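Here the sequence shown is numbered in the numbering used here, starting from 381 and rising by one per residue. Cβ coordinates follow ideal geometry from the N, Cα and C atoms, glycine included. None of these values were measured; they are calculated from a predicted model.
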Amino acid sequence: FSFFDTVTYTPPDAIFELTKTYNADLAARKVNLGQGTYKDENGNPWILPAVRAAKEKIKESNHEYLPILGLPSFRVLATELVFGKDSAVIQEKRVASCQALSGTGALHVAGTMLMRAFGRDRTVYITNPSWSNHRQVFESVGFGVKEFNYSLSGGVDMQSFLQSLNEAAPKSIFVFHASAHNPSGWDPSPEQWKQIGSIVKERQLFPIFDAAYLGLTSGDYDRDAFAIRYFAEEIGLEIAVCLSFAKSMGLYGERIGLCAFVSRTRTLATAVESTLAQLIRFEISNPPAFGARIVAAVLEDVDIDAEWRRNLATMSSRIAEMRLQLYQELTELGTPGDWKRLMEQKGMFCILGLTPDQVQHLQNEYHIYMAESSRISIPGLNRSNVRYVAECIHQTVK
Ligand code: PLP
381 FSFFDTVTYT PPDAIFELTK TYNADLAARK VNLGQGTYKD ENGNPWILPA
431 VRAAKEKIKE SNHEYLPILG LPSFRVLATE LVFGKDSAVI QEKRVASCQA
481 LSGTGALHVA GTMLMRAFGR DRTVYITNPS WSNHRQVFES VGFGVKEFNY
531 SLSGGVDMQS FLQSLNEAAP KSIFVFHASA HNPSGWDPSP EQWKQIGSIV
581 KERQLFPIFD AAYLGLTSGD YDRDAFAIRY FAEEIGLEIA VCLSFAKSMG
631 LYGERIGLCA FVSRTRTLAT AVESTLAQLI RFEISNPPAF GARIVAAVLE
681 DVDIDAEWRR NLATMSSRIA EMRLQLYQEL TELGTPGDWK RLMEQKGMFC
731 ILGLTPDQVQ HLQNEYHIYM AESSRISIPG LNRSNVRYVA ECIHQTVK
């Protein structure tokens with residue numbers, strides 16, 4: 381007899397497992413294109429100069445508990461960053477927010493909050509394909525999760541997208557990727573977001589914006605926040621935003637994010653925020669301080685903030701350069717495949733369109749690691765390995 385007889389083995393998360401296998405690979409020449417983390421030109425993790433400067437400023441802070449909702453200055457500054465300082469939602473105090481354990485924690489809090497507000501009979505719709513964690517985050521809080529077709533090989537499948545919005549029961553929840561859709565790399569254009577917004581409004585659907593790549597997508601934070609601001613400001617919808625600073629500030633391990641709800645009135649926002657405080661209190665009591673202090677120190681200092689904006693441009697332009705280089709190498713080699721997508725897709729990722737066997741071959745023969753779907757994390761490329769990667773892809777598919 382065991383109390384754990386009913387517990388069956390759960391296979392490890394594929395992408396974390398891939399990193400583990402990569403780390404254990406003793407080959408002199410190996411390339412990790414799996415996990416979506418930014419690497420510098422030498423393949424090393426990059427501590428952003430803005431983050432270095434911020435850490436210098438906060439090094440004397442103590443180790444007391446933060447308030448339940450998180451570091452107040454962090455919440456104010458992060459909210460202003462997303463919605464714009466002069467936005468109506470901020471001026472009218474209609475945003476309820478809490479600090480969260482990065483983007484994943486923010487999605488979890490948002491799900492828990494919506495379960496409280498809406499109850500179990502609502503469905504959460506996620507894109508197909510989507511980030512591998514979406515389904516289980518929302519199922520874990522008790523929602524049923526359905527997928528809708530999101531992408532075609534050449535872009536967003538608007539027809540399916542709009543049809544799903546039209547066919548979903550009113551008040552259903554839709555998880556949108558605010559920018560740099562993971563894994564497809566295809567985003568709706570501003571015009572398409574407007575079409576989506578008008579159906580969301582008309583059919584009374586609730587949008588959650590998963591915002592893990594703001595600033596890193598185009599290099600310009602405001603531009604990447606277009607969809608969020610359009611929904612909240614222009615057409616006045618109630619929305620949730622789940623913000624991560626993992627990618628945009630390189631704070632992967634600090635687990636710093638924000639969960640924000642825009643509500644119709646200030647009174648409702650106060651009620652939502654009080655509920656968020658209760659949810660945080662019974663789950664983690666209060667959030668960790670270090671990441672919040674770093675983000676606040678970046679955003680509250682004009683010079684460090686300006687440095688950070690330059691750092692975002694550095695990261696996004698290095699990603700763009702690597703997209704171009706891989707495209708040029710594959711085209712020069714005459715490798716069969718549709719490589720234009722390398723240039724057209726947005727964000728950190730590109731799905732190469734290889735078969736699982738080809739992906740496995742690249743790993744076994746050439747020590748090049750990528751997700752089974754052939755999604756590659758572009759920042760794993762640099763000037764010293766891009767030619768090698770192109771040649772190995774060529775050898776594998778030709
Ligand atoms: N959402 C998407 C689409 C992601 O790709 C990621 C990270 O890969 C996240 C959310 C959350 O990441 P984190 O919890 O590290 O902020």
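Going by C-alpha positions, A620 is about 45 Å away from G714.
Taking a contact as a CB-CB distance under 8 Å, the pair G630 and I427 counts as one, their CB atoms being some 6 Å apart. Relative to ligand 1, the beta carbon of A591 is positioned no closer than 6 Å to any heavy atom.
Exclusion of N403 from the 6 Å shell around ligand 1 follows from its C-beta lying no nearer than that to any non-hydrogen atom of the ligand. Listed in chain order, the alpha helix (DSSP H) runs fully inside the stretch 711 to 754 are 720 to 724, 736 to 746, counting runs of at least 4 residues.
Where K435 is concerned, the enclosing alpha helix (DSSP H) starts and stops at 429 to 438.
DSSP places D405 in the coil class of the three-state scheme, outside both helix and strand. Counting along the chain, the unbroken alpha helix (DSSP H) around Y768 starts and ends at 766 to 777. If you ignore the 5 residues before and after Y445, its C-beta comes within less than 6 Å of the C-beta of N666, all in its own chain and listed in chain order. DSSP places T503 in the strand class (E or B) of the three-state scheme. With contacts defined as CB atoms closer than 7 Å, S564 and S512 fail to qualify as a contacting pair. Within the chosen limit of 6 Å, ligand 1 does not reach the beta carbon of G534 with any heavy atom. Spatial neighbours of W688 in its own chain (CB-CB distance under 6 Å, excluding positions within 5 residues in sequence) are listed in chain order as A430, V678. In this structure, the alpha-carbon of E397 lies about 29 Å from that of E709. Collapsing the DSSP output to three states places H488 in a helix. Separation of P736 and Q775 (C-alpha to C-alpha, rounded to the nearest whole angstrom) is 15 Å. I448 places its beta carbon 7 Å or farther from that of R635. When beta bridges are read from the DSSP output, A476 appears opposite F641. When secondary structure is reduced to three states using DSSP, N424 falls in the coil class, being assigned neither helix nor strand. In the DSSP annotation of this structure, L623 is not part of any alpha helix (DSSP H); the continuous beta strand (DSSP E) holding it starts and ends at 619 to 624.
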